[in-house]
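**Q** This structure is in structure tokens; I'll ask about it shortly.
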Amino acid sequence: MDNNLEFKGRLGWYLRLPIWFGLLLAAVNVSIYAINMKAGVILSVFTVIYLVSFLVMERLNRSVIRNELVSFATQYGQIQKRLLRDLELPNALMDENGRIIWANTEFKAAVEKDHPEGKTIFNYFEELSSDALRVAGENEENRVEFQFEDRDYRALIKKIPLDEMVENSDIFTSESRYEGCLYSIYLFDDTALKMALRENDNQSLAVGLLYIDNYDEALNSTDEVRRSLLTALIERKFNKYFGSIDGIIRRQEKDKFFFVIRKQMLKKLESVRFDILEDVKTVSIGNEMSVTISIGIG
4 MDNNLEFKGR LGWYLRLPIW FGLLLAAVNV SIYAINMKAG VILSVFTVIY LVSFLVMERL
64 NRSVIRNELV SFATQYGQIQ KRLLRDLELP NALMDENGRI IWANTEFKAA VEKDHPEGKT
124 IFNYFEELSS DALRVAGENE ENRVEFQFED RDYRALIKKI PLDEMVENSD IFTSESRYEG
184 CLYSIYLFDD TALKMALREN DNQSLAVGLL YIDNYDEALN STDEVRRSLL TALIERKFNK
244 YFGSIDGIIR RQEKDKFFFV IRKQMLKKLE SVRFDILEDV KTVSIGNEMS VTISIGIG
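Listed below in structure tokens is the structure:
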């Protein structure tokens, strides 16, 4: 390593502090000569021994200090690398084409590959496109949600410009501002969260109104003595139907009913196209007109 390499900053100032004290001691020695010649000689001998000892020790220990600093920086860098490698969050570095340069342990576990380096991110996640890498600025980021291996992921992609690295590099040079960059991708597994949100949504309630469209006409087409029976049969049909799907229904007016069901059951009703609409038409005790209903959910 170059022995002419100098320390700078606070460390350099601290290492030079003893020689400044030596110069201050030499200045004081001049005053001592004016007071007492013998004391001045003694102090001069001490000052010379002090300065020579410092210069010898500084010369001998300079390389030791430098090597220790390099060793510390290397170990510090290794610690940072190990922290990134063992980070409990899938993380990878990519070039401008989406080719993986480096990946930590969790990312390798997520894609189930020990050596994903050299392959593009699109090889593993088909839902990602090249548009996901179009991050405008250094402080901007893209968020993409996708599914992989039956799990829900949210990708956070950040841009890492390399222009500053090139400017401070002793290896690379560029006549104009370097526009190259890397991309960092973090994967968040939202499977459990989305399952909880879906379950919560399924357990939430949906309310609606059910109308008998031709209530008066259907009653008028029935014998007067059977009208109350027809009404009871219709209401019984509604109670039985909504009871089978864990819902409740209550009459609000003569031809209007209010009902509450879980959203999970609402999807089931949609799958069978609200078969109660046709089922209620089968209620007949001699009425010439079939009962028709309409349902509104909000």
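So that you can map any letter, position 24 of the sequence shown is 27 in the working numbering, and since no number is skipped, the others follow by simple counting. Using N, Cα and C, we set each Cβ at its ideal position, and we do this for glycine too. All values reported here derive from a predicted model rather than from experimental measurement.
1. So, is Lys259 buried or exposed, given that buried needs 16 or more other C-beta atoms within 10 angstroms?
2. Would you check if there are 3 or more beta carbon pairs closer than 8 Å linking the stretch 252–270 to the stretch 197–217?
3. Here's the rule I'm using: 16 or more other beta-carbon atoms within 10 Å means buried, otherwise exposed. How should Gln78 be labelled?
4. Does the count of Cβ pairs from the stretch 78–94 and the stretch 31–51 closer than 8 Å reach three?
5. Does the beta-carbon of Gly250 have 16 or more other beta-carbons within 10 angstroms, so that it is buried, or is it exposed?
6. Using only the alpha-carbon positions, how far apart do Leu20 and Pro164 sit?
7. Would you mind working out which of Ile52, Phe24, Asp278, Asp192 sits nearest Phe241, comparing C-alpha positions?
8. Measuring straight from C-alpha to C-alpha, what distance separates Asn64 and Trp23?
9. What are the complete alpha helix (DSSP H) segments, minimum 4 residues, inside the stretch 179–212?
10. Which residues bound the alpha helix (DSSP H) around Val114?
11. Whole angstroms are fine: how far does the CA of Leu28 sit from the CA of Trp47?
12. Quick one, are the C-beta atoms of Arg154 and Thr108 less than 8 Å apart?
13. Hey, how far is the Cα of Lys243 from the Cα of Ala221?
14. Between the alpha carbons of Ile248 and Phe191, how many angstroms are there, rounded?
15. Below 8 Å on the Cβ atoms is my guess for Lys257 versus Tyr218; work out the distance and round it to an integer in Å.
16. Nearest to Gly301 by alpha carbon, out of Ile252, Ser293, Ala95, Leu212?
17. Please list the terminal residues of the continuous beta strand (DSSP E) segment that includes Asn94.
18. Look at the Cβ atom of Phe128, then the Cβ atom of Phe149, and state whether they are nearer than 8 Å.
19. I need the straight-line Cα distance from Tyr214 to Ile296, nearest angstrom please.
20. So Lys162 and Tyr186 are in contact, right, with Cβ under 8 Å, and what is the actual spacing, rounded?
21. Locate the alpha helix (DSSP H) running through Ala135, then write down its first and last residues.
22. Based on Cα-Cα distance, which residue from Gly121, Lys284, Val147, Arg137 lies nearest to Glu130?
23. Measuring only the C-alpha atoms, how far is Val55 from Glu99?
24. In three-state terms, what does DSSP make of Ile45?
**A** To lay it out plainly:
1. exposed
2. yes
3. exposed
4. no
5. buried
6. 40 Å
7. Asp278
8. 18 Å
9. 194–206
10. 108–114
11. In the sequence as presented, Trp is not what sits at residue 47; that position holds Ser. Ser47 and Leu28: Cα-Cα distance of roughly 9 Å.
12. no
13. 21 Å
14. 36 Å
15. 6 Å
16. Leu212
17. 94–97
18. yes
19. 5 Å
20. 6 Å
21. Taken as a continuous stretch (DSSP letters only), Ala135 belongs to no alpha helix (DSSP H), as it is neither H nor E.
22. Val147
23. 57 Å
24. helix
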